[in-house]
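Participant:
Residue numbers (this note's numbering): 185 to 730.
1. Can you tell me which of 643, 237, 561, 469 puts its alpha carbon nearest to the alpha carbon of residue 533?
2. Considering only C-alpha positions, which residue in the set 492, 454, 334 is nearest to residue 541?
3. Give the DSSP-derived three-state secondary structure of residue 564 in the structure shown.
4. Decide yes or no for the touch test of the region 494 to 502 against the region 567 to 585: beta carbon pairs closer than 8 Å, at least 3 of them.
5. When the Cα atoms are used, what is the spatial distance from residue 204 to residue 239?
6. Tell me which same chain residues have a C-beta within less than 6 Å of the C-beta of residue 471, skipping the five on either side of it?
7. Just verifying my parser: in three-state terms, what is the DSSP assignment at residue 559?
8. Taking 9 Å as the threshold (C-beta atoms), are residue 692 and residue 707 in contact?
9. State buried or exposed for residue 618, treating a residue as buried only when at least 16 other CB atoms are found within 10 Å of its CB.
10. Leaving out the 5 sequence neighbours to the left and right, which residues in its chain are closer than 6 Å to residue 221 when beta-carbon positions are compared?
11. Taking residue 225 as the reference, which of 407, 398, 524, 432 has the closest Cα?
12. What's the gap between the Cα of residue 272 and the Cα of residue 552?
13. Which of helix, strand or coil does DSSP assign to residue 202?
14. Using a Cβ-Cβ cutoff of less than 7 Å, which residues in the same chain neighbour residue 550 once the five nearest sequence positions on both sides are dropped?
15. For the alpha helix (DSSP H) containing residue 269, name the first residue and the last one.
16. Assuming contact is defined by CB atoms lying nearer than 9 Å, are residue 568 and residue 312 in contact in what I supplied?
17. Going along the chain, which residues of its own chain have a beta-carbon closer than 6 Å to the beta-carbon of residue 293, five neighbours each way excluded?
18. With a threshold of 16 other CB atoms inside 10 Å of the CB of residue 649, please say whether the residue is buried or exposed.
19. What three-state label does DSSP hand residue 465 in the structure shown?
20. State the start and end residues of the unbroken alpha helix (DSSP H) segment that holds residue 234.
21. How big is the Cα-Cα spacing for residue 452 and residue 344?
22. When you compare the CB positions of residue 696 and residue 683, do they come within less than 9 Å of one another, or not?
23. In the DSSP assignment, find the alpha helix (DSSP H) that holds residue 549 and state where it starts and stops.
24. Whole angstroms are fine: how far does the CA of residue 537 sit from the CA of residue 339?
25. Please list the terminal residues of the continuous beta strand (DSSP E) segment that includes residue 497.
26. Between which two residues does the alpha helix (DSSP H) holding residue 339 run?
27. Cutting at 7 Å between CB atoms, please list the residues of its own chain near residue 660, excluding the five before and the five after it.
28. What first and last residue would you give for the beta strand (DSSP E) that runs through residue 659?
29. So, at 6 Å on beta carbons, what are the nonlocal neighbours of residue 211 in its own chain, with the 5 sequence-adjacent residues on each side left out?
30. Whole angstroms are fine: how far does the CA of residue 726 sit from the CA of residue 633?
31. Excluding the 5 residues preceding and the 5 following residue 676 in the sequence, name in chain order all residues of the same chain whose CB lies nearer than 7 Å to its CB.
32. On the DSSP letters alone, give me the boundaries of the alpha helix (DSSP H) that residue 524 sits inside.
33. What span of residues does the beta strand (DSSP E) with residue 533 cover, start to end?
34. With DSSP as the reference, label residue 250 as helix, strand or coil.
35. Taking 9 Å as the cut-off, decide whether the C-beta atoms of residue 223 and residue 327 are in contact.
36. Can you check which of these residues, 440, 417, 456, is closest to residue 400 by C-alpha distance?
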């Protein structure tokens, strides 16, 4: 019987695949190009329309109150509280973006569709974040569109080159192994390793350059000259009384009475500080008023300027925390402005909005108190407001926590009801009314300090803005309360320093403090978290004596 020999089936060529490392790297570069171009176009058109920043801003707006509160307490080496959380958030978004880019690149080793689809999905997310921003305007859509376009083009270009280069990998039929092409390390698509590297480097450098230029442009106008020009214009007609002698106990460990601008605590949600020169600033007062007012910076300067020494406190301040500072603020009476507009009966809150869309609701009855001292501040400690503290105009309402009283970068005031409008923090479960609680803090000794036994100096601060402090008591190891010496009072809207000398034997100890305000109400021992209307409880410091 004859045997028929069959020729073997031809082996199909192996599928071309980009090496995993190259696929991940080129994908990261393409995603970086998308971010960089989006940032660049946003810098040219509207800084808040950068998709990267818009996503981070949206995360801040949507984050639950407890998470935002944790973020506000974040500290990083070299960064103060109030800046560390913002840096950490931006870094976190970048890490997630890199991880997504790597995954998209690994999924696109054979074909570009997974990576390009991922870019489109992220583009939609970025567009949504931009469009739902409180400060959105129609031109803002340009930056996310440019971002997606740059990312898709970069990904396709780099992917095609890398895939063509992969055609020259060992085991792929037709791979040249000799001659000039081998020496050039070309694949069967005619693309050399050098070509792929140069293309990737070009995209990477372009991404970094675009992002840097966009960041520079997005910083907005340089307000340095604008602030300097205002120095002579902010002379108050009613200066604050001089700080009296004995207003602090710095030598014993308390802070100085006035906090330097660079050291003043900063808490806000702004990832990019709104920079607007005073010359173009305008604000509308509207809503439940007899007549709408539109004022500009010059209008405010033409009014009598007053100077007030005020201590501001953040509602997120923990017991013994540092989110409290004092400054001399110069500005105009907010009450006088509202009287001019004519507040209608039934108006419950002054709904203030900042240039970046943040909002606060201040009780109207508090603002309208004749002795409250509510103001629109233009200056701080002898100079125009620093940008990070609200330049060109901010609100200051003594006696209320900042989240209902201290809007920075102010642009709009609306008289309304609490039912009609909910401000940023009210939407997150914080209280509608937020008078500052009577509190104290121990600044010396520091926690776990070791000090000589015998006479031990204990010192700190106490505050109950708009009520004032009448007494501070201290005790060691849960013993009897002993009165502390109070520094000279500046006014009822500022913190007050205190100190005491205690006899303490060798060993481990703890010290507590308790303030009493001018109404006779002592600081409560009942501990409470900052949410919803401020922390409470007695501060306690552990230390040892030898």
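Note that CB positions come from ideal geometry on N, CA and C, so glycine has one too. The structure presented is a predicted model; accordingly, all values stated were derived computationally and were not measured.
Facilitator: Reading it off the structure:
1. When each option's Cα is compared against that of residue 533, the closest is 469.
2. Residue 454 is the option with its Cα nearest to residue 541.
3. Of the three classes helix, strand and coil, the one that applies to residue 564 here is strand, per DSSP.
4. In short, these stretches touch, since the Cβ pair count reaches three.
5. One C-alpha to the other measures close to 29 Å.
6. Contacts found: 598, 599, 600.
7. Residue state, collapsed to three classes: strand.
8. Between residue 707 and residue 692, the C-beta gap is not smaller than 9 Å, which leaves the two residues out of contact.
9. By the 10 Å Cβ count, residue 618 comes out buried.
10. By the criterion of a C-beta distance shorter than 6 Å, residue 221 is surrounded in its chain by 330, 331, 334, 394, once the five residues flanking it on both sides are discounted.
11. Looking at 407, 398, 524, 432, the one whose alpha-carbon comes closest to that of residue 225 is 398.
12. Using only the alpha carbons, I get a separation of about 40 Å.
13. Here residue 202 sits in coil by DSSP.
14. Around residue 550: 556, 581, 584.
15. If you look at residue 269, you'll find it in the alpha helix (DSSP H) that goes 268 to 290.
16. Taking 9 Å as the cut-off, the beta carbon of residue 568 is found no closer than this to the beta carbon of residue 312.
17. The beta carbon of residue 293 is closer than 6 Å to those of 201, 202, 207 in its chain, skipping five residues each way along the sequence.
18. Result: buried.
19. Residue 465 falls in the coil class under three-state DSSP.
20. DSSP places residue 234 outside any alpha helix (DSSP H), giving it a letter other than H or E.
21. Their backbone Cα atoms lie some 45 Å apart in a straight line.
22. For residue 696 and residue 683, no; Cβs fall outside 9 Å.
23. Residues 548 to 551.
24. If I take the Cα positions, the gap works out to 40 Å.
25. Element bounds for residue 497: 490 to 497.
26. Per DSSP, residue 339 is one residue of the alpha helix (DSSP H) stretching across 326 to 350.
27. Excluding sequence neighbours, residue 660 sits near 686, 688, 693, 695.
28. In the DSSP annotation of this structure, the continuous segment of the beta strand (DSSP E) that includes residue 659 starts and ends at 653 to 660.
29. The residues are 285, 288, 289, 299.
30. For residue 633 and residue 726, the distance between alpha carbons rounds to 8 Å.
31. Within the same chain, residue 676 has close Cβ partners 650, 651, 652, 702.
32. First-last of the alpha helix (DSSP H) with residue 524: 518 to 525.
33. In the DSSP annotation of this structure, the continuous segment of the beta strand (DSSP E) that includes residue 533 starts and ends at 533 to 538.
34. Note: residue 250 maps to helix in three-state DSSP.
35. Yes; because the gap between Cβ atoms is below 9 Å, this pair is in contact.
36. It is 456.
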